[in-house]
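Notes follow once the structure below has been shown.
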Amino acid sequence: MFYKKKGIPQDGDIVLCTVKKILTHSVFVSLDEYNDLEGMLHISEVSPGRIRNLRDFVVPEKKIVCKVIKIQNEKHIDLSLRRVPSNLRMEKMNEYKQEIKSEKLLEFVGKSLKISLEDMYNKVGYKAIEEYRLLSIFFQNVLLDNAILKRLEIEDKIAKPLLEIIKDKIKIPEVDISGTLVLQSYKENGINIIKNALVKEIKDNIKISYLSAPRYRISVKSKDYKTAENILKNTADKIIETVKKDGCTGEFIRNE
42 MFYKKKGIPQ
52 DGDIVLCTVK
62 KILTHSVFVS
72 LDEYNDLEGM
82 LHISEVSPGR
92 IRNLRDFVVP
102 EKKIVCKVIK
112 IQNEKHIDLS
122 LRRVPSNLRM
132 EKMNEYKQEI
142 KSEKLLEFVG
152 KSLKISLEDM
162 YNKVGYKAIE
172 EYRLLSIFFQ
182 NVLLDNAILK
192 RLEIEDKIAK
202 PLLEIIKDKI
212 KIPEVDISGT
222 LVLQSYKENG
232 INIIKNALVK
242 EIKDNIKISY
252 LSAPRYRISV
262 KSKDYKTAEN
272 ILKNTADKII
282 ETVKKDGCTG
292 EFIRNE
């Protein structure tokens, strides 16, 4: 990517790296998001347990996601591969892919206007990243509110084609989470009580399906995990509260 972060990362940061050199007890990598920065992983930070051959875990030019564990200066940055949970690893890789895509869109608009990518960053990119941290997040916000372009004082000749390509190429990401409701009743009309409680909560972003008695799957889509978790919990709580008023029992199990 053309864009590089300034300075050096902080302790605890999750960083994208490319493997450059593998020695007997250490791995040297470049920090892809920064200019001319290298880091080192000791063999003990590559994977838990005994490692016979580092090349079973890393190979030259492979991209890996690491955690910064110690910084002495820009010449000595200690990293860890094993301390990065799989969810953060996937999130970082996806973030990187989205930034590459976003930079290409910025470059495409620039080419159509005969403006270099460097100048597009000067006119748009740096402002966007300062305000929204990532180009991809900036584009998603513009899709929701195109007045952002005017607020950031993006030139009209750039703002118009940029908005057009954002509308054409960018989609707001959604997360999908689910859980299982266990609802039971020994009343004659118990099935109807449960059915009515479930149907009342079905919405565009909330789906409820029958698994097998007495289990029902409830799934929620939203723009982020925090919002989705709140919707899922509140919906499950409302359903359980409703059926309990009519003498039923209810339990909610969050799916992993």
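Our numbering numbers the first residue of the sequence shown as 42 and each following residue consecutively. The C-beta atom is built at its ideal place from N, Cα and C for all residues, glycine as well. Because the structure is a prediction, the values reported are computed rather than measured.
Does DSSP classify residue 85 as helix, strand or coil? Indexing the sequence shown from 1 puts residue 85 at position 44. DSSP, read as helix, strand or coil, puts residue 85 in helix.
Residue range of the unbroken beta strand (DSSP E) whose run includes residue 226: Here residue 226 corresponds to residue number 185 of the sequence shown, with the count starting at 1. Element bounds for residue 226: n/a, residue is neither H nor E.
Ordered list of alpha helix (DSSP H) runs contained in the segment 141-174, each at least 4 residues: Listed in chain order, they are 158-161, 167-173.
Within the continuous beta strand (DSSP E) that includes residue 251, where are the two ends? Within the sequence shown, the letter at position 210 stands for residue 251. Looking at the DSSP string, the run of the beta strand (DSSP E) that includes residue 251 is 247-253.
If you follow the beta strand (DSSP E) that residue 59 is part of, which residue opens it and which one closes it? As a working mapping, residue 59 is identified with position 18 in the sequence shown. Where residue 59 is concerned, the enclosing beta strand (DSSP E) stretches over 55-63.
Any 3 or more C-beta pairs closer than 8 Å across the segment 154-171 and the segment 190-199: yes
Go through its chain and collect everything with a Cβ distance to residue 246's Cβ below 8 Å, but skip five positions before and after it. Position 205 of the sequence shown, counting from 1, holds the residue named residue 246. Correct list, in chain order: 261, 262, 263, 272.
Evaluate residue 43 with the Cβ neighbour count: other Cβ atoms within 10 Å of its Cβ, from every protein chain shown; 16 or more gives buried, anything less gives exposed. For this step, residue 43 is matched to residue 2 along the sequence shown. Looking at its Cβ environment, which holds fewer than 16 other Cβ atoms inside 10 Å, residue 43 is exposed.
State whether the segment 221-239 contacts the segment 283-296, with contact taken as three or more CB pairs (one from each stretch) at a distance under 8 Å. Enough Cβ pairs lie closer than 8 Å, so yes.
Given 8 Å as the limit, is there contact between the segment 101-116 and the segment 146-153, that is, 3 or more CB pairs closer than that? The segment 101-116, when compared against the segment 146-153, does not touch it at the 8 Å Cβ threshold.
Taking residue 50 as the reference, give the member of 69, 127, 268, 74 with the closest Cα. As a working mapping, residue 50 is identified with position 9 in the sequence shown. When each option's Cα is compared against that of residue 50, the closest is 74.
Do you know whose CA, among 143, 87, 101, lies nearest residue 203's CA? As a first step, residue 203 is located in the sequence shown; it is residue number 162 there, counting from the start. Per the C-alpha coordinates, the member of 143, 87, 101 positioned closest to residue 203 is 143.
Where does residue 99 sit, in a helix, a strand or coil, going by DSSP? On the sequence shown, position 58 is the one that residue 99 refers to. Residue state, collapsed to three classes: coil.
At what residues does the beta strand (DSSP E) containing residue 287 begin and finish? Position 246 of the sequence shown, counted from the start, is the residue given in the question as residue 287. Where residue 287 is concerned, there is no enclosing beta strand (DSSP E), given that its DSSP letter is neither H nor E.
On the CB-based measure, 16 or more other CB atoms within 10 Å of its CB, does residue 238 come out buried or exposed? Counted from its first residue, the sequence shown places residue 238 at position 197. Looking at its Cβ environment, which holds 16 or more other Cβ atoms inside 10 Å, residue 238 is buried.
Are the beta-carbon atoms of residue 58 and residue 106 separated by less than 9 Å? Taking the first residue of the sequence shown as position 1, residue 58 is located at position 17. Taking the first residue of the sequence shown as position 1, residue 106 is located at position 65. Yes, the pair counts as a contact, with Cβ atoms nearer than the cut-off.
Ordered along the chain, which non-local residues of its own chain (more than five positions away) have a Cβ less than 6 Å from that of residue 374? With the chain covering only 42 through 297, there is no way to say anything about residue 374.
Helix, strand or coil for residue 240, going by three-state DSSP, please let me know. For the purposes of this step, residue 240 is taken as the residue at position 199 of the sequence shown. Residue state, collapsed to three classes: helix.
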